[in-house]
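These protein sequence lines map, in sequence, to chains A and B. Quick note on numbering: our numbering labels position 85 of the first sequence as 65, and the sequence is numbered without any gaps. Quick note on numbering: our numbering labels position 102 of the second sequence as 82, and the sequence is numbered without any gaps. All C-beta atoms, glycine included, are put in the ideal place defined by N, C-alpha and C. This one's a predicted model, so the numbers in the text were calculated from it and none came from an experiment. Okay, structure first, notes after.
2 protein chains.
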Amino acid sequence: MRRAVVLLSGGLDSAVTLFLAKKKGYRCECLIFDYGQRHLREIKAAGDIAHTARCSFKILKIDLPWRGSSLLDKGTKLPSSVRVSECQSVREIPSTYVPARNIIFLSFALSYAESIRAEAIFIGAHTQDYSGYPDCRPEFYRAYDKVIACGTRAGVEKKPIKVETPLINKNKAQIIRLGRRLDVPFELTWSCYRGGRRQCGRCESCYYRAKGFREAGILDPQKRL
Amino acid sequence: MRRAVVLLSGGLDSAVTLFLAKKKGYRCECLIFDYGQRHLREIKAAGDIAHTARCSFKILKIDLPWRGSSLLDKGTKLPSSVRVSECQSVREIPSTYVPARNIIFLSFALSYAESIRAEAIFIGAHTQDYSGYPDCRPEFYRAYDKVIACGTRAGVEKKPIKVETPLINKNKAQIIRLGRRLDVPFELTWSCYRGGRRQCGRCESCYYRAKGFREAGILDPQKRL
C-alpha cells in the first residue's frame, strides 16, 4: 500500500486533505506540530481528526524561540476580519505569518517520509483565501520539489517524494463542499487563532471559515456546539 | 552591521565557517541542534566555539522520532573508515545520512534569519569528503535559494536571505589551512560520531579529520589533549 505523510493542523483544510489522501488509496501517517501557537486547542482537534480517520499520528514539539508573528507573540494583537479584507486587497502579508513555518513543517514531513519510504507528503495549503502567505503559493511548492530531488536520498535514488497540494487552487467554499462529499468530521475541526474555549468568530481564520460555509450553503456544525 | 545566522555543529567545518563569516564583517548568531545524535558531546563543543568567537548562540532541541540513520539509531553499527573509503569510491550514501537533516537545519535557520532580518545563513557543507551526502551538494543549495525566494516574506519583499556555503568546493586539508589562518580554536572542535570521552579515530568523521590534518601538514591539537 502506498504511504503518505499528511500535515495536520486541526483546521478544516488539512482535515479535507487527509480524507482526500485516504480516498486516493494512501496509508496516511499524520504529523501534528506544537510550535507555541496561541491556539493550542487545534492540536487536540488534529488528534481527534486523525483518530476518526483511523490514522496514526505523531505530535512534534518545535522550539521557535524568536519573535516575528502575531500567532506566536501573545503581546501582539491578532488582525480582525476588517483588517483581513484590507490586507487581501493590497496583497499584504498578514501579521499571522510565521517565518518559514510551512518550510519547517515540510522539512520534518520530508525526513519522516524518507525514513518510512512514503511516496508523498500532503499539505492543505491554498492560495485563494490566504493569498498573502508566500508559503501557500504553487511556485513555492514546485521549488520545494526541486529541493527534494537534489537534497535527499530519495531524490538521488530517483524516487523523489512528491509534495501534494490538492487544495491549492480551491477556495474555502469549494473545500467545504469537497469535505462534505468525503464525510469530513467538520465538527471536530478548529479554525480560530485565539486560544478560547469557543471559536471567536472575529479573527482572520474564523472570518474565512464563516465566509466559506456561507458561500458553500452549508451550516457549520461548530455553530451547533 | 550585517547579520548572519551560522549553523554550528561543533565540528571543524562549521567552526571555520563561523570565523570566516565574522571575518567578512557579519554579526553572527549561531544555531546549534540537539537532534538525538549519538555524539551529544559536539553540542558542548559548539557552545565553546561560539563563546570563543564572542557570538551568541541558541541550542534547539529537535524531535526526530523515526529511524533511518546510524547516527541516530544506537542499535546500528557506525561505518568504519575502511567502509568509508569503499563508500566514496561508489558514491554510495553513507548510513550516517540523517533523512533531510540539513533541510531541517536550514529551515530553522531561515525562520530565525527572517525574524531578526539577517541577510545570510552560513553552513559549512562541502562536497569533497562527504560526497555521498545529497544535502552537501551545490545544486541542493541553489534549489534552496529558490525556496527562500518563493516561500518567505524576505523573498517576496525582494530581500531574500542568501545561503552561504563558503567551503563547498574545498577539501578537508584546505579547510584546515584556512582555519589556521583565521585562528580557529581547533582544540575545541569535536568530529567523532561516537559519544565517547575521546575521539575514537576510527569512525568516518575521525577518518576524514585525521586525513585532512595529515594532508595539511598541521598537527591536530586534539591529539595533544
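Worksheet item: Does the distance from the CB of proline 79 (chain A) to the CB of glycine 112 (chain A) come in under 7 Å?
Response: As a first step, residue 79 (chain A) is located in the first sequence; it is residue number 99 there, counting from the start. As a first step, residue 112 (chain A) is located in the first sequence; it is residue number 132 there, counting from the start. Not in contact: proline 79 (chain A) and glycine 112 (chain A) (Cβ atoms no closer than 7 Å).
Fill in: Beta bridge counterpart(s) of lysine 139 (chain B) as assigned by DSSP
Numbered from 1 along the second sequence, position 159 holds the residue referred to as residue 139 (chain B). According to DSSP, which records beta bridges pairwise, lysine 139 (chain B) is partnered with nothing at all.
Worksheet item: Which whole runs of the beta strand (DSSP E) in the segment 120 to 164 of chain A are 3 residues long or more, in chain order?
Response: 142 to 144
Worksheet entry | For valine -14 (chain A) and isoleucine 103 (chain A), the rounded distance between their alpha carbons | Indexing the first sequence from 1 puts residue 103 (chain A) at position 123. Indexing the first sequence from 1 puts residue -14 (chain A) at position 6. If you take the alpha carbons of isoleucine 103 (chain A) and valine -14 (chain A), they lie about 6 Å apart.
Practice prompt. Check the Cβ of tyrosine 92 (chain A) against every Cβ in chain B and list those closer than 7 Å, keeping chain order.
Written response: Position 112 of the first sequence holds residue 92 (chain A). Result: Trp46.
Discussion item. For glutamate 195 (chain B), which residues in the same chain have their Cβ closer than 6 Å to its Cβ, ignoring the five residues on either side in sequence?
Written reply: Taking the second sequence and counting its residues from 1, the one referred to as residue 195 (chain B) is at position 215. These residues qualify, in order along the chain: Ala153.
Worksheet item: What are the residues that DSSP puts in a beta bridge with serine 36 (chain A)?
Response: Taking the first sequence and counting its residues from 1, the one referred to as residue 36 (chain A) is at position 56. DSSP output for serine 36 (chain A) lists A:Glu9 as bridge partner(s).
Discussion item. If contact is defined by three or more beta carbon pairs under 8 Å, each pair taking one atom from either stretch, is the segment 136 to 152 of chain B in contact with the segment 136 to 148 of chain A?
Written reply: no
Worksheet item: Can you name, in chain order, every residue of its own chain whose Cβ lies under 7 Å from the Cβ of serine 171 (chain B), other than the five neighbours on each side?
Response: One-based indexing of the second sequence puts residue 171 (chain B) at position 191. So the list reads Gly(-9), Leu(-8), Gln179, Ser185, Cys186, Arg189, once near-sequence residues are dropped.
Discussion item. Residues of the segment 122 to 140 of chain B in Cβ contact with chain C at a cutoff of 7 Å, in chain order, please.
Written reply: As a matter of chain content, chain C is missing from the structure shown, whose protein chains are A and B.
Discussion item. Contact defined as beta carbons within less than 8 Å: I believe threonine 107 (chain A) pairs with arginine 97 (chain A). What is the distance between those atoms, to the nearest angstrom?
Written reply: Residue mapping note: residue 107 (chain A) aligns to position 127 of the first sequence, counting from 1. Residue mapping note: residue 97 (chain A) aligns to position 117 of the first sequence, counting from 1. The pair is not a contact, with the Cβ atoms about 30 Å apart (cut-off 8 Å).
Worksheet item: Is there a Cβ from chain B that is less than 7 Å from the Cβ of aspartate 43 (chain A)?
Response: Here residue 43 (chain A) refers to the residue found at position 63 of the first sequence. It does: the Cβ of aspartate 43 (chain A) has a partner Cβ on chain B nearer than 7 Å.
Fill in: isoleucine 101 (chain A) (DSSP reduced to helix, strand or coil)
Taking the first sequence and counting its residues from 1, the one referred to as residue 101 (chain A) is at position 121. Strand.
Practice prompt. On the DSSP bridge assignment, give the partners of valine -14 (chain A) in chain order.
Written response: Along the first sequence, read from residue 1 onward, the residue named residue -14 (chain A) stands at position 6. For valine -14 (chain A), which the question treats as bridged, DSSP gives the partners A:Cys10, A:Phe102.
Worksheet entry | CB-CB length for leucine 162 (chain A) against valine -4 (chain A), believed under 8 Å | Within the first sequence, numbered from 1, the residue matching residue 162 (chain A) stands at position 182. Within the first sequence, numbered from 1, the residue matching residue -4 (chain A) stands at position 16. Yes, they are in contact, since the Cβ atoms of leucine 162 (chain A) and valine -4 (chain A) sit about 7 Å apart, within 8 Å.
Discussion item. On the criterion of 16 or more Cβ atoms from any shown chain inside 10 Å, does proline 201 (chain B) qualify as buried, or is it exposed?
Written reply: Within the second sequence, numbered from 1, the residue matching residue 201 (chain B) stands at position 221. Looking at its Cβ environment, which holds fewer than 16 other Cβ atoms inside 10 Å, proline 201 (chain B) is exposed.
Item to complete: Please work out which residues of its chain come closer than 7 Å, Cβ to Cβ, to arginine 160 (chain A), disregarding the five sequence neighbours upstream and downstream, and give them in chain order.
Response: The residue labelled residue 160 (chain A) in the question sits at position 180 within the first sequence. If we look at arginine 160 (chain A) and ignore the five residues flanking it on each side, its Cβ neighbours are Ile198.
Worksheet item: Which word fits glycine 131 (chain A), buried or exposed, when buried means at least 16 other C-beta atoms lie within 10 angstroms of its C-beta?
Response: As a working note, residue 131 (chain A) is residue 151 in the first sequence. Its Cβ being crowded by 16 or more others within 10 Å, glycine 131 (chain A) is buried.
Practice prompt. Keeping to the same chain, check which residues put their C-beta closer than 7 Å to that of tyrosine 124 (chain A); ignore five residues upstream and five downstream.
Written response: What you label residue 124 (chain A) is simply residue 144 of the first sequence in a count that begins at 1. Closer than 7 Å at Cβ, skipping near neighbours: Leu86, Val143.
Worksheet entry | Straight-line gap, aspartate 14 (chain B) to glycine 27 (chain B) (C-alpha atoms, nearest Å) | For the purposes of this step, residue 14 (chain B) is taken as residue 34 along the second sequence, with counting starting at 1. For the purposes of this step, residue 27 (chain B) is taken as residue 47 along the second sequence, with counting starting at 1. Answer to the nearest angstrom: the Cα atoms are 12 Å apart.
Worksheet item: Which one or two residues does DSSP pair with lysine 4 (chain B) in a beta bridge?
Response: Residue 4 (chain B) sits at position 24 when you count from the first residue of the second sequence. Its beta-bridge partners do not exist; DSSP assigns none.
Fill in: Cβ-based burial, serine 95 (chain B) [other Cβ within 10 Å; buried from 16]
One-based indexing of the second sequence puts residue 95 (chain B) at position 115. So serine 95 (chain B) counts as buried.
Worksheet entry | Exposure label - proline 45 (chain A); buried when at least 16 CB within 10 Å | In the first sequence, counting from the first residue as 1, residue 45 (chain A) sits at position 65. Exposed is the call here.
Worksheet item: Is isoleucine 84 (chain A) helix, strand or coil when you go by DSSP?
Response: Stepping through the first sequence from its first residue, residue 84 (chain A) is reached at position 104. Isoleucine 84 (chain A): helix per DSSP, three-state reduction.
Discussion item. In the DSSP output, which residue or residues are listed as bridge partners for lysine 41 (chain B)?
Written reply: The residue you call residue 41 (chain B) lines up with position 61 of the second sequence. Looking at the DSSP assignment, lysine 41 (chain B) forms a beta bridge with B:Asp14.
Fill in: Local Cβ density within 10 Å of leucine 20 (chain A), reported as buried at 16 or more and exposed below that
Taking the first residue of the first sequence as 1, we reach residue 20 (chain A) at position 40. The residue in question, leucine 20 (chain A), is exposed, as its Cβ has fewer than 16 Cβ neighbours within 10 Å.
Worksheet entry | Within 7 Å of chain B by C-beta, residues of the segment 97 to 120 of chain A in sequence order | Pro114, Asp115, Arg117, Glu119, Phe120
Discussion item. Please report the straight-line C-alpha distance between leucine 40 (chain B) and isoleucine 29 (chain A), rounded to a whole angstrom.
Written reply: The residue labelled residue 40 (chain B) in the question sits at position 60 within the second sequence. The residue labelled residue 29 (chain A) in the question sits at position 49 within the first sequence. Approximately 29 Å, taken between the alpha carbons.
Discussion item. Going by DSSP in three states, cysteine 116 (chain B) sits in which element: helix, strand or coil?
Written reply: In the second sequence, the residue the question calls residue 116 (chain B) occupies position 136. Cysteine 116 (chain B): helix per DSSP, three-state reduction.
Worksheet item: Taking Cβ to Cβ, would you say threonine 145 (chain B) is nearer than 7 Å to tyrosine 173 (chain B)?
Response: Reading the second sequence from its first residue, position 165 is the one you call residue 145 (chain B). Reading the second sequence from its first residue, position 193 is the one you call residue 173 (chain B). No, they are not a contact pair.
Fill in: Contacts that proline 79 (chain A) makes with chain B (C-beta to C-beta distance below 9 Å)
For this step, residue 79 (chain A) is matched to residue 99 along the first sequence. Leu90, Ser91, Tyr92, Ala93, Glu94, Ser95, Thr132, Arg133, Ala134, listed in chain order.
Discussion item. Quick check on leucine 20 (chain A) - is its C-beta less than 7 Å from some C-beta in chain B?
Written reply: Numbered from 1 along the first sequence, position 40 holds the residue referred to as residue 20 (chain A). No, leucine 20 (chain A) does not count as interfacial toward chain B.
Practice prompt. Just the chain B side, please: which residues come within less than 7 Å of lysine 38 (chain A) by C-beta, in chain order?
Written response: As a position in the first sequence, residue 38 (chain A) is number 58, starting the count at 1. Here the neighbours are Pro45.
Worksheet entry | Contacts of isoleucine 148 (chain A) in chain B (Cβ-Cβ under 8 Å) | Within the first sequence, numbered from 1, the residue matching residue 148 (chain A) stands at position 168. Under the 8 Å cutoff, chain B gives no residues; its nearest Cβ is about 13 Å from isoleucine 148 (chain A).
Fill in: Residues that serine 87 (chain A) contacts on chain B, provided the C-beta gap is smaller than 7 Å
Indexing the first sequence from 1 puts residue 87 (chain A) at position 107. Simply Ala80, Ile83, Ile84, Ser87.
Worksheet item: When DSSP labels each residue in this structure, what does cysteine 183 (chain A) get in the three-state scheme?
Response: By 1-based counting over the first sequence, the position of residue 183 (chain A) is 203. Strand, per DSSP.
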